[in-house]
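S.K.: 0 is the number of the first residue of the sequence shown in numbering that gives the first Met the number 0; add one for each residue after it.
For glycine and all other residues, C-beta sits at the position ideal for the given N, C-alpha and C.
Just so it is clear, the structure is predicted and the values come from calculations on it, not from any experiment.
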Amino acid sequence: MIALLQLLLALGYAVLAHLASAWQHDGCALAALGLLIAMLLVEPLLHRRPWAFAALPLAAWGAWALYAAGHVALPLLLVPVVFVLAIAWIFARTLRPGTEPLITRIVAGIEGGAVQDIAPELRRYTRTLTAAWAAVLVAMAAANLLLALLASPGGLLESLGIASPWPITREQWSWFANVLNYGVIGGFFAVEFMVRKRRFPGRYHSFADFLRKLAGLGPVFWRDLLR
Numbered sequence: 000m001i002a003l004l005q006l007l008l009a010l011g012y013a014v015l016a017h018l019a020s021a022w023q024h025d026g027c028a029l030a031a032l033g034l035l036i037a038m039l040l041v042e043p044l045l046h047r048r049p050w051a052f053a054a055l056p057l058a059a060w061g062a063w064a065l066y067a068a069g070h071v072a073l074p075l076l077l078v079p080v081v082f083v084l085a086i087a088w089i090f091a092r093t094l095r096p097g098t099e100p101l102i103t104r105i106v107a108g109i110e111g112g113a114v115q116d117i118a119p120e121l122r123r124y125t126r127t128l129t130a131a132w133a134a135v136l137v138a139m140a141a142a143n144l145l146l147a148l149l150a151s152p153g154g155l156l157e158s159l160g161i162a163s164p165w166p167i168t169r170e171q172w173s174w175f176a177n178v179l180n181y182g183v184i185g186g187f188f189a190v191e192f193m194v195r196k197r198r199f200p201g202r203y204h205s206f207a208d209f210l211r212k213l214a215g216l217g218p219v220f221w222r223d224l225l226r
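(1) When the Cα atoms are used, what is the spatial distance from L121 to F199?
(2) Quick check: the Cα distance between A53 and N177, rounded to an integer number of angstroms?
(3) Measure the alpha-carbon distance for R47 versus G111 and round it to whole angstroms.
(4) Please classify P119 as buried or exposed, where buried requires at least 16 other C-beta atoms within 10 Å of its C-beta.
(5) For A150, which three-state DSSP category applies?
(6) Which of helix, strand or coil does DSSP assign to I230?
(7) Measure from the alpha carbon of A138 to the alpha carbon of each residue in A162, I184 and A58, then state which is nearest.
(8) Provide the residue(s) that pair with I167 in DSSP beta bridges, ordered along the chain.
(9) Could you check if P148 is buried or exposed, using at least 16 other CB atoms within 10 Å of its CB as the buried criterion?
(10) Rounded C-beta distance between P166 and S151? I'm assuming under 8 Å.
(11) Apply the 10 Å Cβ neighbour rule to V190 and answer buried if 16 or more other Cβ atoms are within range, or exposed otherwise.
(12) Could you check the C-alpha separation between L213 and R104 for me, to the nearest Å?
(13) Could you check where the alpha helix (DSSP H) with R92 kicks off and where it finishes?
(14) Just to confirm, are A37 and L8 a CB contact at a threshold of 7 Å?
(15) Figure out for me which residue from P79, V83 and A130 has the closest Cα to the Cα of I102.
(16) With A141 and L75 assumed to form a contact (beta carbons below 8 Å), what rounded beta-carbon distance in angstroms separates them?
(17) Restricting to Cα atoms, I'd like to know which of A51, H70 and A134 is closest to A87.
(18) When you compare only the Cα positions, how much space is there between V106 and I89?
(19) Quick one: what does DSSP say I161 is sitting in, helix, strand or coil?
(20) With distances taken Cα to Cα, identify the nearest neighbour of E170 among L3, G11, I1 and A19.
(21) Whose C-alpha, out of V41, D208, L32 and A13, is nearest the C-alpha of L4?
(22) I'd like to check one pair, F220 with G108: are the Cβ atoms closer than 7 Å?
(23) Return yes when the Cβ of G11 is within less than 7 Å of the Cβ of L34, no when it is not.
(24) Under the rule that 16 or more other beta-carbon atoms within 10 Å means buried, what is H204, buried or exposed?
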């Protein structure tokens, strides 16, 4: 239930963040920032974490202060960078010595066995794939940051008093950061599935079957995996 609520808040944020950039509308930017705060704090609030109740008014005050100062849209430029880098770190940290790669653990969960039971070729593939996901996400974050720097008016460079050498509109930035990002992730996911299905046939009936197996792992598995 909490995950669904967070997903709805994330979708609402993406829509409002894009509208804020396309319309240059500070009200939409403030609303987007509010949904972002809610998305980040809804779980600890529902679990009655004291720090979350302290953080909520502080975050709300910070958002309003940015709005009053005319800078409420600035944090929205950095959200895609931070968000994508955070996901990249989730993948990359599992490549350290002594840890099992993220996708190797997911495959083990789907197949209902231990990591050690996975065929060596598949283990090598899933390790390489984990590294590939980390690299793709880091590249996306770098592209998001570059476009945020170049955006005009109100991009990161302009906020520092530096003219953008190759200005792009805020709407163009938003189409990439708030819309195309998800297309890149979805496209990579779909293409990789086709490659995996060809290299390791007989494991999934279809892409929908693969998604059902991922969903069937359950919230406890995903919570433990992402710790």
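M.R.: Quick answer:
(1) Here residue 121 refers to the residue found at position 122 of the sequence shown. Here residue 199 refers to the residue found at position 200 of the sequence shown. Rounded to whole angstroms, L121 to F199 spans 8 Å at the Cα level.
(2) As a first step, residue 53 is located in the sequence shown; it is residue number 54 there, counting from the start. As a first step, residue 177 is located in the sequence shown; it is residue number 178 there, counting from the start. Computed Cα separation, rounded: 29 Å.
(3) Looking up residue 47 in the sequence shown gives position 48. Looking up residue 111 in the sequence shown gives position 112. Computed Cα separation, rounded: 34 Å.
(4) Taking the sequence shown and counting its residues from 1, the one referred to as residue 119 is at position 120. Result: exposed.
(5) Within the sequence shown, the letter at position 151 stands for residue 150. Three-state result, A150: strand.
(6) Missing from the structure shown is residue 230; the chain here goes from 0 to 226 and no further.
(7) Mapped onto the sequence shown, residue 138 falls at position 139. Cα-wise, what sits closest to A138 is I184.
(8) Here residue 167 refers to the residue found at position 168 when the sequence shown is read from its first residue. For I167, which the question treats as bridged, DSSP gives the partners A150.
(9) To locate residue 148, count along the sequence shown from 1; it is residue 149. Sequence check: residue 148 is Leu here, not Pro. L148 comes out buried.
(10) Numbered from 1 along the sequence shown, position 167 holds the residue referred to as residue 166. Numbered from 1 along the sequence shown, position 152 holds the residue referred to as residue 151. So it is a contact: roughly 4 Å between Cβ atoms.
(11) Position 191 of the sequence shown, counted from the start, is the residue given in the question as residue 190. With fewer than 16 other Cβ atoms within 10 Å, it is exposed.
(12) Along the sequence shown, read from residue 1 onward, the residue named residue 213 stands at position 214. Along the sequence shown, read from residue 1 onward, the residue named residue 104 stands at position 105. Roughly 12 Å between the two C-alpha positions.
(13) As a first step, residue 92 is located in the sequence shown; it is residue number 93 there, counting from the start. Unbroken run through R92: none, as it is neither H nor E.
(14) Position 38 of the sequence shown holds residue 37. Position 9 of the sequence shown holds residue 8. Contact flag set, yes.
(15) Residue mapping note: residue 102 aligns to position 103 of the sequence shown, counting from 1. It is A130.
(16) What you label residue 141 is simply residue 142 of the sequence shown in a count that begins at 1. What you label residue 75 is simply residue 76 of the sequence shown in a count that begins at 1. Not a contact, Cβ separation roughly 18 Å.
(17) Counted from its first residue, the sequence shown places residue 87 at position 88. Ranking the options by Cα distance to A87, first place goes to A134.
(18) On the sequence shown, position 107 is the one that residue 106 refers to. On the sequence shown, position 90 is the one that residue 89 refers to. If I take the Cα positions, the gap works out to 16 Å.
(19) Walking along the sequence shown from the start, residue 161 turns up at place 162. If DSSP states are grouped into helix, strand and coil, I161 belongs with coil.
(20) Against the sequence shown, residue 170 aligns to sequence position 171. Of the candidates L3, G11, I1 and A19, the one whose C-alpha sits nearest the C-alpha of E170 is A19.
(21) In the sequence shown, the residue the question calls residue 4 occupies position 5. Closest by alpha carbon: V41.
(22) Position 109 of the sequence shown holds residue 108. Position 221 of the sequence shown holds residue 220. Yes, the Cβ-Cβ distance between G108 and F220 is below 7 Å.
(23) As a position in the sequence shown, residue 34 is number 35, starting the count at 1. As a position in the sequence shown, residue 11 is number 12, starting the count at 1. The answer is yes: Cβ separation under 7 Å.
(24) Sequence index remark: in the sequence shown, residue 204 carries index 205 (1-based). H204 is exposed by the Cβ-count criterion.
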